[in-house]
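Asks: So for the sequence shown, the numbering used here puts the first residue at 180; every next one is plus one.
Backbone N, C-alpha and C define an ideal beta-carbon position, used for all residues, glycine too.
Have a look at the structure that comes next, please.
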Amino acid sequence: MSIAFVIAAIACGLAAVCYAEFASTVPVAGSAYTFSYATLGEFVAWIIGWDLVLELHSVPRWWPRAGRCIWVTCSASSAAR
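Structure (structure tokens):
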């Protein structure tokens, strides 16, 4: 096993322990909004909350177009063969 994988595994484990410790100090279910509110304040949490709303609004509109684009591209490349 490569030493890089061992170092990465240790770093991931330590990050998980830090996240678990922080999650145990916040008394409600965790989300990006909740954690940013607890650590960075109300203004940053407000920005992140609106970012999440915009993300949930735009992603469902984007995926069908992306799927159609991928389908057309794959169909055109397979037809050219």
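So, for S215: in the same chain, excluding its five sequence neighbours on each side, which residues have a beta-carbon less than 7 Å away from its beta-carbon?
Replies: V223, A224, I227
Asks: Can you give me the start and stop residues for the alpha helix (DSSP H) that G220 sits inside?
Replies: No alpha helix (DSSP H) holds G220; DSSP gives it neither H nor E.
Asks: On the DSSP letters alone, give me the boundaries of the alpha helix (DSSP H) that V196 sits inside.
Replies: 182 to 204
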